[in-house]
Amino acid sequence: AQSVTQPDIHITVSEGASLELRCNYSYGATPYLFWYVQSPGQGLQLLLKYFSGDTLVQGIKGFEAEFKRSQSSFNLRKPSVHWSDAAEYFCAVGLYNFNKFYFGSGTKLNVKP
Amino acid sequence: EAQVTQNPRYLITVTGKKLTVTCSQNMNHEYMSWYRQDPGLGLRQIYYSMNVEVTDKGDVPEGYKVSRKEKRNFPLILESPSPNQTSLYFCASSSQGASTGELFFGEGSRLTVL
């Protein structure tokens, strides 16, 4: 079955520490990959996306993600977390010319002062 | 300002009472879709529309209807709501012509069915 897995439900990091959020997918071919962020009470906002080419992609707010085909992973990273990064993060896969999207269950990030 | 607008933002209703959640976008996007967000399940796609009069089922379409009579509007209809449709609903749109895949989301509509 097609799926997007985010194994960490909650993560807490200290402000200024580095961050890595994990995402694995199970599809036959390389799908289009996305990371979205949801601030409390808001809709989702695109952080970054991977379609093809360079496997390390840069996004907004200092985030980056690395696609690893051999591990079917698309992990999100940030070298130094800010308190404003506290939010819920969703990994997503787009299929069939972006008609169908599958989201992971999300990772809630808390940032300690 | 480019945006996706959903109404109502909050609604409490009773089982069986038909309701419609409206969604409108001002970006001239061809593609629109509806999702429901439930704790621990992330977002699940209900229906999507590739253009006017073209709609298709997502992964959880049961109990929902949609229509796309105009490019900017994509209402979600619950003909006979049930408590298991209590959820947070998001509408999203995208410019597929650019093949960017980026979804622009509304702020969500929290629905409670008693």
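Residue numbers (the working numbering), protein chains in the order written: chain S, -13 to 99; chain W, 607 to 720.
Just so you know, even glycine gets a beta-carbon here, dropped at the ideal spot from N, CA and C.
The structure displayed is predicted, hence computed values, not measured ones.
Task: C-beta atoms of Pro99 of chain S and Glu6 of chain S nearer than 7 Å - done: no
TODO: Mind listing the chain W neighbours of Gln28 of chain S? Cutoff is C-beta to C-beta under 9 Å, in chain order.
DONE: Phe711, Glu713, Gly714
- [ ] Take the Cβ of Ala608 of chain W as the centre, count every other Cβ of all protein chains shown within 10 Å, and call the residue buried at 16 or more, exposed below.
- [x] exposed
- [ ] Report yes if the C-beta distance between Tyr641 of chain W and Phe696 of chain W is below 7 Å; otherwise report no.
- [x] yes
TODO: Quick one: grab the DSSP three-state call for Lys624 of chain W.
DONE: coil
TODO: Kindly list the residues whose CB is nearer than 6 Å to the CB of Val43 of chain S, restricted to its own chain and excluding five residues on each side of it in sequence; keep chain order.
DONE: Excluding its 5 nearest sequence neighbours in each direction, Val43 of chain S has C-beta neighbours in its own chain below 6 Å: Leu34, Tyr36, Ala51, listed in chain order.
Task: Nearest-angstrom Cα separation, counted from Leu647 of chain W out to Asn690 of chain W - done: 14 Å
Open item on the list: If you reduce the DSSP assignment to three classes, tell me which class Lys47 of chain S lands in.
Closed with: helix
Open item on the list: Measuring only the C-alpha atoms, how far is Gly39 of chain S from Gly622 of chain W?
Closed with: Those two C-alpha atoms are separated by around 50 Å.
Open item on the list: Against chain S, does Tyr654 of chain W count as a neighbour if the rule is that its beta carbon must be under 7 Å from one of theirs?
Closed with: yes
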